[in-house]
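Chemist:
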Amino acid sequence: MADNFPIHYLYPAAMFFSAEPHLVHTILGSCVSVCLYDKERKYGGINHYMLPFWNGQGLASPKYGNIAIEKLIDQMLRKGSRKENLIAKVFGGGEVIDTSSNLFNIGKRNIEIAEVMLKEEGIKIVASDTAGKFGRKIQFNTQTGAVLMKIIQRTVATNTTKE
Amino acid sequence: MSKLQLTDQELLNELKIRMENSITSLNQLTELNKELKLANVKLNESESLKSHFLSNITNELVNPFASILGLSKAIMSIGASDFEKAKPLAQLIYSEAFNLDFQLRNIFAAAKVESGQTMIDINNVDINSLINSVIDVYGYKSKQKKLTVNFNYTTSEEYCNQFIFPTDAEMLKLIMSNIVNNSIKFSSAASNIEINAGVLDNELFISIRDQGKGIPHDHLERIFDRFEKGNKEINSVNEGYGLGLSVTKAYIDILGGRIELTSEENKGTLIIISIPKPTEQVPDGFASDGNEFLFNDVGNQTF
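So the sequence lines, in the order shown, correspond to chains R and V. Take the first sequence: its letters are residues 1065 to 1227, numbered as in the working numbering. Take the second sequence: its letters are residues 21 to 323, numbered as in the working numbering.
1. Measure the C-alpha to C-alpha separation of R:Ala1285 and R:Glu1159 and round it to an integer number of angstroms.
2. Report the residue from R:Ile1091, R:Cys1095, R:Trp1118 and R:Ser1192 whose alpha carbon sits nearest the alpha carbon of V:Lys62.
3. Let me see if you follow: with CB-CB separation under 8 angstroms, is V:Ile274 close to chain R or not?
4. Measuring only between beta-carbons, confirm whether R:Phe1198 sits less than 8 angstroms from chain V.
5. Taking a Cβ distance cut-off of 7 angstroms, strictly less, list which residues of the segment 1074–1107 of chain R are near chain V, in chain order.
6. Using a Cβ-Cβ cut-off of less than 8 angstroms, give me the residues of the segment 122–153 of chain V that come near chain R, in sequence order.
7. Please determine, among R:Glu1104, R:Cys1099, R:Lys1127 and R:Tyr1113, the residue with the shortest C-alpha to C-alpha distance to R:Gly1144.
8. What distance in whole Å lies between the Cβ atoms of V:Pro84 and V:Asn327, which are believed to be in contact at a cut-off of 8 angstroms?
9. Anything in chain R within Cβ reach of V:Leu58, meaning under 9 angstroms, just list it in chain order.
10. Go ahead and label V:Phe103 buried or exposed: buried means 16 or more other beta carbons lie within 10 angstroms of its beta carbon, across all protein chains shown.
11. Inspect the beta-carbon positions of V:Ile204 and V:Ser153 and report whether they are closer than 8 angstroms.
12. May I ask you to report which of helix, strand or coil DSSP gives V:Asn41?
13. Count Cβ pairs between the segment 240–248 of chain V and the segment 194–203 of chain V that sit closer than 8 angstroms; are there 3 or more?
14. Using a Cβ cut-off of 8 angstroms (strictly closer), state whether V:Gln321 contacts chain R.
15. In its own chain, which residues sit with a C-beta less than 7 angstroms from the C-beta of V:Val257, not counting the 5 before and 5 after it?
16. Given that V:Lys297 touches chain R, what residues does it touch there, using C-beta distances under 9 angstroms?
17. Can you name, in chain order, every residue of its own chain whose Cβ lies under 7 angstroms from the Cβ of V:Gly236, other than the five neighbours on each side?
18. Should R:Ile1091 and R:Lys1201 be called a contact, given that it needs their Cβ atoms to be closer than 8 angstroms?
19. Closer than 9 angstroms by beta-carbon distance: list the chain V residues that pair up with R:Leu1141, in chain order.
20. With three or more beta-carbon pairs closer than 8 angstroms as the criterion, would you say the segment 218–229 of chain V touches the segment 1078–1087 of chain R?
21. Span of the beta strand (DSSP E) holding V:Ser227?
22. Would you report the Cα separation of V:Thr168 and V:Glu116, rounded to the nearest angstrom?
23. Given this structure, state the Cα-to-Cα distance separating R:Lys1188 from R:Ile1216, to the nearest angstrom.
24. Would you report the Cα separation of R:Gly1186 and V:Thr138, rounded to the nearest angstrom?
25. With 16 as the cutoff for other CB atoms within 10 Å, does V:Val82 come out buried or exposed?
26. Compute the Euclidean distance between the alpha carbons of R:Thr1170 and R:Gly1093, then round it to the nearest angstrom.
27. With 8 angstroms set as the bound, which would you pick, yes or no: does the beta-carbon of R:Val1211 sit closer than that to a beta-carbon of chain V?
28. When you measure from the CB of V:Thr282 to every non-hydrogen atom of the ligand ADP, does any distance come out below 7 angstroms?
29. Span of the beta strand (DSSP E) holding R:Ile1137?
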């Protein structure tokens, strides 16, 4: 039945929320996606942020975790969700770029901000798959809250050098 | 002695490693604190700029509307015999409305980026005609300042000497509008604006050079921040909300590209934009290398 749900491809720094059932696909490296699901109303939303904090540069977009998470929760609440009915699933935050010169573990800090903010909001993380040295592709079913995940090995990034 | 016991040397080595580790984390912490401090300053600035924005918006929306209303009233009262007098008035209305429309576009684009609802729509775009159409649209502005705008598109054999490049046309149009508008705004009268574009190694390059007043050095790094304007005086000739370049930067980020600015005061500014050809996986959501990315086979984990 989920086969005929419309598929939405979620770009980095974007968010998706709809009361209509959708399958949301996204590919995560060091980015993190928080999937929020309302158990009562049977709908959900998802973000895809690249950095933990907005530092005041450029636009305050959901490219940044603190903004992306806040906005996603806001959107669900505005639609009529109650916080106690929300559950969260968190994915991503891998170390896909070689970390010798990494900017203080972006992946790790992306995961941390999700954990901290969701805890503050009192939203339980019921499932997660984070960190590790690989990317992930996830599919979020906004009607059931189910997430399918596939590991993407970093073969392309490291084993083949540029010709 | 049991093997579990460490020799003095081993103990020393272990201590040394731990010391080094704690020094590294201390350094990282200092670095992070520095970032945090900067972010705090920026947030404060951003807050005050936001309230500035609200006072600005009244000025910049109300004034053009007032002149549009006044001018159209003037046109209405013109008798049929001297209809010729209507033309310059209509031109003024056009330019006021044009500015309003452009500012609103930037505001809506910024709002969309900030709410995470910007969608990319990749199509084969005729870059040559896109840039030419932007230059045309701003033609009346450059004419007012007697500027010469030269545009050159360098084709290559790789693209069969065509002007086609796959990208998001609407985004590129707004990016170019902002850049061209800025160049015109800050150009000295009767000077030249040089625009060059071309595709090299699967990347689209666009450069714009003006002979204007340039950007002060200390302002360069804040230039993409929202509500940030070169000249903050409310009734300055520098109209706009300081959103144009933040939208430009955000769009270029979304397209995976880069923007570089070099500027010399009173000599001019050079802006170089590069936008990579989208990887195939991005537009339709799937990698071309088959099953690895599909879900209906084994190897999925369900959460």
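We treat Cβ as the ideally placed atom computed from N, Cα and C, and that holds for glycine. Predicted model, so just to flag it, every value in this text is computed and none were measured.
Modeler: By the coordinates alone:
1. Summary: the structure shown does not reach residue 1285 of chain R, with chain R confined to residues 1065 through 1227, and so no result is reported for it.
2. In the second sequence, residue 62 of chain V corresponds to position 42, counting from 1. For V:Lys62, the nearest C-alpha among the options comes from R:Trp1118.
3. Against the second sequence, residue 274 of chain V aligns to sequence position 254. Yes, its Cβ sits closer than 8 angstroms to a Cβ of chain R.
4. Residue 1198 of chain R sits at position 134 when you count from the first residue of the first sequence. Closer than 8 angstroms: no.
5. Tyr1075, Ala1077, Ala1078, Met1079 and His1089
6. Ala130, Val133, Glu134, Ser135, Gly136, Gln137, Thr138, Met139 and Ile140
7. To locate residue 1144 of chain R, count along the first sequence from 1; it is residue 80. The candidate whose alpha carbon is nearest that of R:Gly1144 is R:Glu1104.
8. Not covered by the structure: residue 327 of chain V. The range shown for chain V is 21 to 323.
9. As a working mapping, residue 58 of chain V is identified with position 38 in the second sequence. Result: Asn1119 and Gly1120.
10. Taking the first residue of the second sequence as position 1, residue 103 of chain V is located at position 83. Exposed.
11. As a first step, residue 204 of chain V must be located in the second sequence, where it is residue number 184. As a first step, residue 153 of chain V must be located in the second sequence, where it is residue number 133. No. Outside cutoff.
12. The sequence position of residue 41 of chain V within the second sequence is 21, counting from 1. DSSP, reduced to helix, strand and coil, places V:Asn41 within a helical segment of the structure shown.
13. No, the segment 240–248 of chain V does not touch the segment 194–203 of chain V.
14. Here residue 321 of chain V refers to the residue found at position 301 when the second sequence is read from its first residue. Cβ-Cβ to chain R under 8 angstroms: yes for V:Gln321.
15. Translated into the one-based positions of the second sequence, residue 257 of chain V becomes position 237. Residue confidence is low: V:Val257 scores 49 on pLDDT, short of 50, so the model does not pin down where it sits. Its coordinate-derived value is still stated next. Around V:Val257: no qualifying Cβ.
16. Within the second sequence, the letter at position 277 stands for residue 297 of chain V. Neighbours of V:Lys297 on chain R: none; closest Cβ ~16 angstroms, over 9 angstroms.
17. As a working mapping, residue 236 of chain V is identified with position 216 in the second sequence. In the sequence under discussion, the amino acid at residue 236 of chain V is Pro, which differs from the Gly named in the question. Answer for V:Pro236: Glu285, listed in chain order.
18. As a working mapping, residue 1091 of chain R is identified with position 27 in the first sequence. As a working mapping, residue 1201 of chain R is identified with position 137 in the first sequence. Yes.
19. The residue labelled residue 1141 of chain R in the question sits at position 77 within the first sequence. Near R:Leu1141 there are no residues of chain V at all, since even the closest Cβ is about 15 angstroms away, more than 9 angstroms.
20. The segment 218–229 of chain V makes no contact with the segment 1078–1087 of chain R; the number of CB pairs closer than 8 angstroms stays below 3.
21. As a working mapping, residue 227 of chain V is identified with position 207 in the second sequence. Element bounds for V:Ser227: Glu223 to Asp230.
22. Against the second sequence, residue 168 of chain V aligns to sequence position 148. Against the second sequence, residue 116 of chain V aligns to sequence position 96. Their backbone Cα atoms lie some 22 angstroms apart in a straight line.
23. For this step, residue 1188 of chain R is matched to residue 124 along the first sequence. For this step, residue 1216 of chain R is matched to residue 152 along the first sequence. Those two C-alpha atoms are separated by around 27 angstroms.
24. Numbered from its first residue, the first sequence carries residue 1186 of chain R at position 122. Numbered from its first residue, the second sequence carries residue 138 of chain V at position 118. R:Gly1186 and V:Thr138: Cα-Cα distance of roughly 29 angstroms.
25. Taking the second sequence and counting its residues from 1, one reaches residue 82 of chain V at position 62. Per the 10 Å Cβ criterion, exposed.
26. As a first step, residue 1170 of chain R is located in the first sequence; it is residue number 106 there, counting from the start. As a first step, residue 1093 of chain R is located in the first sequence; it is residue number 29 there, counting from the start. The sequence given here has Ile at residue 1170 of chain R, not Thr. One C-alpha to the other measures close to 10 angstroms.
27. Counted from its first residue, the first sequence places residue 1211 of chain R at position 147. By this cut-off, R:Val1211 is an interface position.
28. Only the bare structure without any ligand can be found here, which leaves the ligand ADP out of the picture.
29. Working through the first sequence from its first residue, we reach residue 1137 of chain R at position 73. Premise fails: R:Ile1137 lies in the alpha helix (DSSP H), Gly1129 to Arg1142, not in any beta strand (DSSP E).
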